[in-house]
Structures are given as C-alpha cells and as structure tokens.
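Below is one structure, written out as structure tokens; comments come after it.
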Amino acid sequence: MAVTLAFDVYGTLIDTHGLVAMLRGMVGDRAADFSRTWRERQLEYAFRRALMQNYVPFSACTAQALDHTCALYKTPLSPDQRTALLDAYRTLPAFADVADGLARLRAADFRLYAFSNGAADAVRTLLDAAGISGLFQGVVSTDDLCSFKPSPAVYSHFLRAAGATHAETWLVSSNPFDVIGALSAGWRAAWVRRSPEALFDPWGIPPTVTVPDLRDLAAAIAA
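Just so we're aligned, residue 3 is where the sequence shown starts under the working numbering, counting upward by one.
The following block contains the structure:
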C-alpha cells in the first residue's frame with residue numbers, strides 16, 4: 003500500500019504570518035509581534051475548546067483571538083479593518099517550498115491529504131488560492147468531529163476518512179503539538195522545522211524525522 007502523508011495546513015503549508023505587511027498599516031511596528039500573539043491565542047482557544055467540548059469552528063477561534071490580541075495590544079481596529087484581516091486570512095500565502103515539495107512527493111507516488119483544524123471549505127479555499135489544491139487526493143478536517151488536534155480521536159478519524167493505516171501513514175507538520183499528537187496516536191511524523199530558532203517540546207517524544215522544508219521530505223522518509 004502506498005504511503006499516505008497527512009499535511010497540516012496552517013503553519014506548515016500556509017504561512018500564518020503572511021499578513022504582517024497588512025498589519026503594519028494597522029498596528030505599526032508591532033505587526034510581527036501582533037501576528038505571533040494572534041496565532042498563539044488562536045491555537046490556545048482551539049485547545050481549550052477541545053478540552054471543554056465547547057466547540058466552535060476554527061474560524062471563530064481565529065476571530066476571537068484577533069479581538070483578544072487587539073485588546074492586549076491596545077490597538078482597536080475599525081469594523082472594516084477587522085473584516086479585511088479576517089477575509090485575508092482565508093487566502094494566506096503558501097511557503098515558497100510548498101508547491102515544488104508537494105509536486106515531488108506526488109511524483110514519488112505518495113498519497114497526499116490535507117489534514118487541518120480548519121473547516122474543509124476554508125481549507126479548500128486556502129489551497130485553491132495558493133494554487134496547490136490539485137496536488138491533494140482530499141481534505142480531512144477535524145470539524146467533522148467538532149474537535150481539534152491533538153485530540154486522539156481526530157487522528158483516528160483521518161485514517162478512516164483517507165482509507166489509511168497507522169503503519170503506512172505519516173503526519174507532516176511544523177507544529178510540535180501536532181507531531182506529538184500523531185506520534186502518541188501510533189503514527190510516524192515529520193517535523194518541518196521552518197526556522198532554525200524553532201524548538202521542539204522536550205517531552206521525550208521526538209519526531210520520526212526532521213526536515214527544513216518539504217523538498218527534503220521524500221528522501222528523509224526513505225532513509
């Protein structure tokens with residue numbers, strides 16, 4: 003059976019800090035810090051809601067995280083600015099290596115799926131905007147279970163949805179929590195270390211392989 007690769011989307015394929023230039027016109031020279039806080043709060047809200055079983059779609063976590071970040075930085079946005087940011091978040095750019103890396107993996111006969119906390123329609127919009135949707139065999143969303151990664155249930159859901167097995171499936175993610183979640187569910191996992199400064203959580207659960215970008219992934223899996 004061909005190896006199935008389940009690609010995290012936000013932060014792995016798609017640059018969640020792709021709106022820094024847009025933010026700079028709204029919040030000034032704190033734009034990069036604002037973007038990091040927004041992303042951190044978005045994930046925190048998803049984790050908390052999964053634990054509480056008080057689900058809202060990932061897009062709602064994103065909007066609420068934006069509102070919290072504005073309050074934290076004391077930078078209120080106009081309704082038009084808020085709408086513009088959330089609209090732009092639906093078409094964030096892909097990282098520079100993604101299209102080439104995915105094409106190489108597809109040519110090497112891997113089965114490629116997008117696997118995301120985002121709702122399936124939102125993920126397809128992102129992949130379409132980035133010009134990479136045609137490289138995937140499908141999109142699997144945690145929204146189907148009204149939960150979020152790294153709940154063990156969502157990794158089992160992916161295997162059912164993709165017709166895959168633990169033994170032949172890898173998670174590919176730049177998010178350590180996601181990598182650890184997949185490993186804890188019995189998968190193998192590749193950590194895409196998109197920055198030399200990125201740290202992996204010291205839980206004693208290391209990634210199966212670590213790569214700097216997707217162009218190195220096929221060789222790392224085969225090694």
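Glycine residues also receive a C-beta, built at the ideal position from the N, C-alpha and C atoms. None of the values given here were measured: they were computed from a predicted structure.
Nearest to residue i (by Cα), restricted to the options the options
i, options, result
"A23", "V11, L87, A67", "L87"
"D69", "T85, L185, L137", "T85"
"G183", "S197, N56, F150, A124", "F150"
"P95", "S37, L21, L74", "L21"
"D99", "T212, W189, G206, T14", "T14"
"W193", "P204, H168, L219", "L219"
"N177", "A169, G165, H168, R196", "R196"
"H19", "N56, N119, A187, S37", "S37"
"T71", "A33, H159, V11", "A33"
"A200", "S175, A187, E46", "S175"
"P154", "D203, V211, R26, L185", "L185"
"F202", "D123, D215, P152, D180", "D180"
"C148", "N56, P198, E170, L74", "N56"
"L79", "L25, R126, A62, D31", "L25"
"R50", "R162, P152, L216, F160", "P152"
"Y75", "R126, P81, A67", "A67"
Short Cβ contact (8 Å threshold) for residue i with residue j
i, j, result
"P208", "D145", "no"
"I16", "A90", "no"
"I121", "S135", "Note that residue 121 is Ala in the sequence shown, not Ile. No, the pair does not count as a contact, with Cβ atoms beyond the cut-off."
"R137", "R108", "Rather than Arg, the amino acid found at residue 137 in this sequence is Leu. For L137 and R108, yes; Cβs fall inside 8 Å."
"Y157", "W205", "no"
"V29", "T64", "no"
"A222", "V213", "yes"
"A164", "G140", "yes"
"A48", "R92", "no"
"T167", "A191", "no"
Endpoints, the alpha helix (DSSP H) within which residue i is located
i, result
"R50", "33 to 54"
"T212", "Not the alpha helix (DSSP H): T212 falls in the beta strand (DSSP E), residues 211 to 213."
"L15", "L15 -> no alpha helix (DSSP H), and no H or E assigned at all."
"L185", "178 to 186"
"V22", "22 to 29"
"S61", "60 to 74"
Residue span of the beta strand (DSSP E) that contains residue i, given as start and end
i, result
"V222", "Per the sequence shown, residue 222 should be read as Ala rather than Val. First-last for A222: 219 to 224, but that is the alpha helix (DSSP H), not the beta strand (DSSP E)."
"R196", "Run containing R196: none; DSSP gives neither H nor E here."
"T171", "171 to 175"
"L7", "6 to 9"
Any C-beta of chain B under 8 Å from that of residue i
i, result
"H70", "The chain labelled as chain B is not found in the depicted structure, where only one protein chain is given."
Exercise. Fully enclosed by the region 92 to 167, which alpha helix (DSSP H) runs are 4 residues long or longer?
Worked result: Given a length threshold of 4 residues, each whole run of the alpha helix (DSSP H) inside the region 92 to 167 is given here in chain order: 100 to 109, 122 to 132, 154 to 164.
Exercise. Using 8 Å as the Cβ pair cut-off and three pairs as the minimum, do the region 93 to 113 and the region 34 to 50 touch?
Worked result: Counting Cβ pairs under 8 Å, fewer than three are found: no touch.
Exercise. With a cut-off of 8 Å, do at least 3 Cβ pairs link the region 111 to 127 to the region 6 to 18?
Worked result: Yes, they touch.
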